[in-house]
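Notes follow once the structure below has been shown.
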Amino acid sequence: FEVLLTPFVLLSSALGLSESAPGLFPNIHPQAWLLIGPVTLATVTVGLGAFDSLARHLEIAPRTRRLLIVLEAMALWPAVAIWGHPEDVLAVGLVVLALIKVMKGQDISAGWLLGGAIAMQLFSVFAIPVILGVIGLRRGVLLLARASIIPGFLFIAVAVPDFHDAVWTLFQQPAFPSGNHVTPWVQLAPKLARHVVAGGPARSLGLLCAVLTGVLARARRDRPANVIWLMAVALGARCIFDPVMVPYYVMPVVALSLIAAADDEPVRHVFTIATGAGLTVMAFSHHGMWTYWSMMTAIMGLL
């Protein structure tokens with residue numbers, strides 16, 4: 185995302201707009217936000233467009249699709265507007281577009297979209313097992329080869345000048361308990377520095393769960409709603425096994441679940457909407473380590 189944002193930052197600098205950085209330039213009203221802010225918020229359109237395309241692929245009625253657009257906007261809003269992480273919204277949108285292409289048998293474009301998603305946010309790899317479950321290993325090898333090009337190029341760009349730090353960051357994945365919500369997994373996470381733990385080892389357990397969803401997706405690949413639901417489960421595994429939770433991490437689970445239940449019985453659809461809203465609100469609440477994790481896991485299980 186930093187690469188995509190660079191032209192706008194250069195324009196902001198050329199216009200002489202004031203900037204801000206914590207600890208360096210503590211300007212609480214940077215003029216650069218007048219340019220960067222709208223660009224950041226505009227990334228929501230990629231996510232909304234992807235989810236609407238998925239609803240169209242499932243042949244969901246127009247009236248329900250209009251409701252879904254509002255609900256999906258509410259699900260994406262905390263990530264991009266409150267926490268300022270548009271790359272997460274772009275990653276989810278690109279994953280959904282890749283899944284649509286896979287369902288249509290368009291593996292080439294699906295590979296490029298998946299690669300863009302991984303380059304945006306590494307949690308997109310949790311979606312790979314489900315996609316492989318849909319298309320099989322033979323087609324999946326070629327798809328993954330294409331998907332590795334964009335993130336591979338960006339990794340080389342940072343690994344060549346500083347290989348040790350790049351690889352260390354990739355595998356350790358530093359997480360910051362201070363100011364966020366710790367889970368019981370933080371007790372097993374290696375300490376990297378003061379107020380910094382390694383998130384990578386615990387997240388690897390979540391990746392194993394995602395592999396299991398891929399096996400299930402292979403058996404249910406002819407039922408798109410089930411595949412979408414399994415994708416939500418795979419991305420939810422990231423939250424369950426993360427040593428440090430940030431509220432917007434639940435966004436992909438809520439957004440995908442809303443689509444998966446949209447064409448179901450009205451009672452189940454309403455229950456999904458209510459549960460998704462409850463999970464989003466709960467993620468922003470403050471509780472003890474075990475209470476927070478137990479509530480999040482329980483509500484996510486209901487969803």
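Numbering (this note's numbering) for the sequence shown: 185 to 487. Don't be surprised by glycine CBs; every beta carbon is placed ideally from N, CA and C. Treat the numbers as computed from the prediction; the structure is a model and nothing was measured.
(request) Could you work out which residue in Ile292, Asp346 and Gln356 is closest to Arg330 when comparing CA atoms only? (result) Position 146 of the sequence shown, counting from 1, holds the residue named residue 330. The residue with the shortest Cα to Cα distance from Arg330 is Ile292.
(message) Let's test the definition: count the other Cβ atoms within 10 Å of the Cβ of Gln305 and tell me whether it reaches 16, buried, or not, exposed.
(response) Start at 1 with the first residue of the sequence shown, and residue 305 comes out as number 121. Buried, since its Cβ has 16 or more Cβ neighbours within 10 Å.
(request) Using the Cα positions of Gln383 and Ala377, report the straight-line distance between them to the nearest angstrom. (result) Working through the sequence shown from its first residue, we reach residue 383 at position 199. Working through the sequence shown from its first residue, we reach residue 377 at position 193. As written in the sequence, residue 383 is Gly, which differs from the Gln given in the question. Rounded to whole angstroms, Gly383 to Ala377 spans 13 Å at the Cα level.
(request) Give a yes or no on whether the C-beta atoms belonging to Asp236 and Arg249 are separated by under 8 Å. (result) Residue numbering aside, residue 236 sits at position 52 when the sequence shown is read from its first letter. Residue numbering aside, residue 249 sits at position 65 when the sequence shown is read from its first letter. Contact flag set, yes.
(request) Closer than 6 Å by C-beta to Leu486: which residues in its own chain qualify, once you throw out the five before and the five after it? Chain order, please. (result) As a position in the sequence shown, residue 486 is number 302, starting the count at 1. Here the set comprises Thr459.
(message) Whether or not the segment 306-324 and the segment 399-408 are in contact is what I'm after, with contact meaning three or more pairs of Cβ atoms, one per stretch, closer than 8 Å; do they touch?
(response) yes
(request) Determine the direct distance from the alpha carbon of Phe310 to that of Cys393, and round the result to whole angstroms. (result) Counting from one through the sequence shown, the residue named residue 393 turns up at place 209. Counting from one through the sequence shown, the residue named residue 310 turns up at place 126. Approximately 9 Å, taken between the alpha carbons.
(request) Under 8 Å by Cβ, that's how I've got Leu274 and Thr229 pegged, so tell me the actual separation to the nearest angstrom. (result) As a working mapping, residue 274 is identified with position 90 in the sequence shown. As a working mapping, residue 229 is identified with position 45 in the sequence shown. About 10 Å separates the two Cβ atoms, so there is no contact after all.
(request) Give the DSSP-derived three-state secondary structure of Ala377 in the structure shown. (result) Residue numbering aside, residue 377 sits at position 193 when the sequence shown is read from its first letter. In the structure shown, Ala377 sits in a strand (DSSP, three-state: E or B).
(request) From the DSSP output, in three-state form, read off His348 for me. (result) The residue given as residue 348 occupies position 164 in the sequence shown. Helix.
(request) May I ask you to list the residues that DSSP assigns as paired with Val365? (result) On the sequence shown, position 181 is the one that residue 365 refers to. In the sequence as displayed, the identity of residue 365 is His instead of Val. Partner(s): Met429.
(message) Assuming Pro358 and Met473 are in contact, meaning their beta carbons sit under 8 Å apart, how far apart are those beta carbons, in whole angstroms?
(response) Along the sequence shown, one-based indexing puts residue 358 at 174. Along the sequence shown, one-based indexing puts residue 473 at 289. Between Met473 and Pro358 the Cβ distance is about 19 Å, and since that is not below 8 Å, they are no contact.
(request) Locate the alpha helix (DSSP H) running through Pro335, then write down its first and last residues. (result) Sequence index remark: in the sequence shown, residue 335 carries index 151 (1-based). Unbroken alpha helix (DSSP H) run through Pro335: Ile333 to Ala343.
(message) For a cutoff of 8 Å on Cβ pairs, would you count Val314 as touching chain B?
(response) Judged by its chain identifiers, the structure shown contains no chain B, having just a single protein chain.
(request) Could you say which of Ala245, Val279, Leu232 and Gly420 lies nearest to Met258 if we only look at CA atoms? (result) Working through the sequence shown from its first residue, we reach residue 258 at position 74. The option with the nearest alpha carbon to Met258 is Leu232.
(request) On the DSSP bridge assignment, give the partners of Pro358 in chain order. (result) Start at 1 with the first residue of the sequence shown, and residue 358 comes out as number 174. Per DSSP, Ala382.
(message) Suppose you measure from the CA of Arg323 to the CA of Gln290; what does that come to, to the nearest Å?
(response) Position 139 of the sequence shown holds residue 323. Position 106 of the sequence shown holds residue 290. C-alpha separation (whole angstroms): 11 Å.
(message) Does Gly277 pass the burial test, meaning 16 or more other C-beta atoms within 10 Å, or should it be called exposed?
(response) Residue 277 sits at position 93 when you count from the first residue of the sequence shown. It is buried - the Cβ of Gly277 has at least 16 other Cβ atoms within 10 Å.
(request) Give the single residue among Ala216, Asp447, Ile424 and Ala416 whose Cα lies nearest to the Cα of Ala198. (result) As a first step, residue 198 must be located in the sequence shown, where it is residue number 14. Closest by alpha carbon: Ala216.
(request) Determine the extent of the alpha helix (DSSP H) in which Asn410 is found, giving its start and end residues. (result) If you number the sequence shown from 1, residue 410 lands on position 226. Looking at the DSSP string, the run of the alpha helix (DSSP H) that includes Asn410 is Pro408 to Ile424.
(message) Under 8 Å, with one C-beta from each stretch per pair, do the segment 421-438 and the segment 462-471 reach the 3-pair mark?
(response) yes
(message) As an exercise, report each continuous alpha helix (DSSP H) stretch of at least 4 residues that is fully enclosed by the segment 434-481, in chain order.
(response) 435-444 and 450-467
(message) For Ile333 and Leu283, what's the separation of their Cα atoms in angstroms?
(response) Position 149 of the sequence shown, counted from the start, is the residue given in the question as residue 333. Position 99 of the sequence shown, counted from the start, is the residue given in the question as residue 283. Spanning the two alpha carbons is a distance of roughly 18 Å.
(message) Is the beta carbon of Phe307 closer than 8 Å to that of Leu419?
(response) Here residue 419 is taken as the residue at index 235 of the sequence shown, counted from 1. Here residue 307 is taken as the residue at index 123 of the sequence shown, counted from 1. Closer than 8 Å, so yes.
(request) Over the uninterrupted alpha helix (DSSP H) stretch that includes Leu281, give me the two end residues. (result) Within the sequence shown, numbered from 1, the residue matching residue 281 stands at position 97. That run of the alpha helix (DSSP H) goes Pro270 to Met287.
(request) Using alpha carbons as the reference points, say which of Leu219, Leu189 and Phe347 lies closest to Gly200. (result) Residue numbering aside, residue 200 sits at position 16 when the sequence shown is read from its first letter. Considering only alpha carbons, the answer is Leu219.
(message) Looking at Tyr187: is its Cβ nearer than 8 Å to the Cβ of Thr224?
(response) Here the question's residue 187 lines up with position 3 in the sequence shown. Here the question's residue 224 lines up with position 40 in the sequence shown. A quick correction: the sequence has Val, not Tyr, at residue 187. No, they are not a contact pair.
(request) Determine which residues share a DSSP beta bridge with Ile311 and list them. (result) Your numbering for residue 311 matches position 127 in the sequence shown. One point to set straight first is that residue 311 is Ala, not Ile, in the sequence displayed. DSSP, once it has assigned bridges, lists no residue as partnering Ala311.
(message) One question on the structure: do Ala421 and Ala444 come within less than 8 Å of each other, judged by their Cβ atoms?
(response) Within the sequence shown, the letter at position 237 stands for residue 421. Within the sequence shown, the letter at position 260 stands for residue 444. No.
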